[in-house]
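Presented below is the structure to which this report refers.
Chains as they are written, first to last, in my numbering: chain A, 587 to 766; chain B, 65 to 254.
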């Protein structure tokens, strides 16, 4: 699959864990902080996991998270944020973001002045038997320190999340598996 | 799963009758939140966490969340709002990709809360993936305050209309600044 173009007006979805759901369906700032990388190699490829809404529907993305992270049960909460808003948050934290017209891609100034891709398509072919074609990474969080990451999360947090209730408990994929 | 296990071990400790709602992991702290000393058996009436942890280990294989056990004395002395205590219990017992609440961060939050509790409403609490505690006061998207209790300092962000104050300071300075703030951000809630 060719790398998608990340348009400013398109949205990225971030999965919201139960502990990050606040009163009034607000997403906690902490939902926009990435898990601590396990190894040095993971650290170099660290990114904020999101799903590109231009590649898959919200229901399908929610189904994936329900199956992989919630054993196929319960409501799934996702927060939609436009790429322009991710860019604005990154710029406010000092990230040097530029659009490369030749490649039609966003880049940021990485360590030692090297330009790196700001949004990367990272499809998941198989996670516990489920696939996610829309999985992407917000890569520029790598250049932020702890304070910068809190600042970045603050810019994105506080938004309302969407709740996907699925198809009555078990999701379509798990139902299909059980019927087989 | 971890939630209910921890709650059950807690109920064993304080000797209360398990209720159906305990499986949610939120009902029990109400009992200890109102009067911790009164509900704890005489041999465990102490503010030291060490005897408590030893007893837990003796009582069952399932363990009390470390963050709670380590801060047991402070939690008891602050007489926390039951809802806040229930939330802390949930965060301390949380499992999965996110690390559960760390003892150090909870300790720092409790120290901060001791300084501001009479001039603040209970914040909404969450935990960051590194196990640090987040406290948020929210009135609207344009008026909100968040504090993150990291080992080095309290990282704060105060959005009040068109002004944003962000930084990292020791808890005492943050507490004094927020208490004196004209918008009273520690009282923001919806």
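Glycine included, C-beta positions come from ideal geometry on N, C-alpha and C.
Looking at residue i: is its Cβ nearer than 9 Å to the Cβ of residue j?
i                      : j                      : result
residue 148 of chain B : residue 186 of chain B : yes
residue 200 of chain B : residue 151 of chain B : no
residue 299 of chain B : residue 206 of chain B : One cannot answer for residue 299 of chain B here, as it falls past the ends of chain B, which runs 65 to 254.
residue 600 of chain A : residue 662 of chain A : no
residue 209 of chain B : residue 223 of chain B : yes
residue 158 of chain B : residue 130 of chain B : no
residue 53 of chain B  : residue 145 of chain B : In the structure as shown, chain B begins at 65 and stops at 254. Residue 53 of chain B is therefore absent and cannot be evaluated.
residue 737 of chain A : residue 137 of chain B : no
residue 683 of chain A : residue 666 of chain A : no
residue 647 of chain A : residue 659 of chain A : no
residue 653 of chain A : residue 714 of chain A : yes
residue 633 of chain A : residue 708 of chain A : yes
residue 142 of chain B : residue 181 of chain B : yes
residue 139 of chain B : residue 204 of chain B : no
residue 549 of chain A : residue 163 of chain B : Any property of residue 549 of chain A remains undetermined from this structure, which presents chain A solely from 587 to 766.
residue 655 of chain A : residue 194 of chain B : no
residue 645 of chain A : residue 741 of chain A : no
residue 752 of chain A : residue 657 of chain A : no
Keeping to the same chain, check which residues put their C-beta closer than 7 Å to that of residue i; ignore five residues upstream and five downstream.
i                      : result
residue 184 of chain B : 250, 251
residue 614 of chain A : 606, 608, 743
residue 710 of chain A : 717, 718, 721
residue 616 of chain A : 606, 739
residue 702 of chain A : 693, 694, 696, 725
residue 677 of chain A : 683
residue 642 of chain A : 719, 720
residue 672 of chain A : 598, 724
residue 747 of chain A : 602, 607, 611, 613, 663, 664, 665
residue 624 of chain A : none
residue 686 of chain A : 693
residue 589 of chain A : 707
residue 166 of chain B : 131, 195, 196
Who are the Cβ neighbours of residue i in its own chain at under 6 Å, not counting the five residues just before and after it?
i                      : result
residue 214 of chain B : 196
residue 246 of chain B : none
residue 640 of chain A : 596
residue 651 of chain A : 601, 662
residue 229 of chain B : 222
residue 630 of chain A : none
Return the chain-ordered list of same chain residues with a C-beta closer than 8 Å to the C-beta of residue i, the five sequence neighbours on each side being excluded.
i                      : result
residue 595 of chain A : 668, 669, 670
residue 234 of chain B : 217, 218
residue 734 of chain A : 679, 680
residue 749 of chain A : 611, 661, 662, 663
residue 690 of chain A : 591
In this structure, what does DSSP give as the bridge partners for residue i?
i                      : result
residue 245 of chain B : In DSSP, residue 245 of chain B forms no bridge with anything.
residue 703 of chain A : A/693
residue 724 of chain A : A/634, A/705
residue 608 of chain A : A/612
residue 236 of chain B : Residue 236 of chain B is not bridged to any residue.
residue 597 of chain A : A/668
residue 749 of chain A : A/663
residue 733 of chain A : DSSP lists no partner for residue 733 of chain A.
residue 254 of chain B : Bridge partners of residue 254 of chain B: none, in fact.
residue 221 of chain B : B/210, B/230
residue 204 of chain B : B/207
residue 718 of chain A : A/710
residue 190 of chain B : B/198
residue 686 of chain A : A/691
residue 622 of chain A : Paired residues: none, contrary to the question.
residue 785 of chain A : In the structure as shown, chain A starts at 587 and stops at 766, and residue 785 of chain A therefore has no counterpart that could be examined.
What are the start and end residues of each continuous alpha helix (DSSP H) run of 4 or more residues lying completely inside the region 633-676 of chain A, in chain order?
-> 644-655
Taking one C-beta from the region 235-242 of chain B and one from the region 162-177 of chain B each time, how about it: are there three or more such pairs within less than 8 Å?
-> yes
Quick check: the region 688-704 of chain A against the region 722-739 of chain A, are there 3 or more CB pairs under 8 Å?
-> yes
Whole runs of the alpha helix (DSSP H) within the region 119-178 of chain B, excluding any shorter than 4 residues | 130-134, 136-142, 146-157
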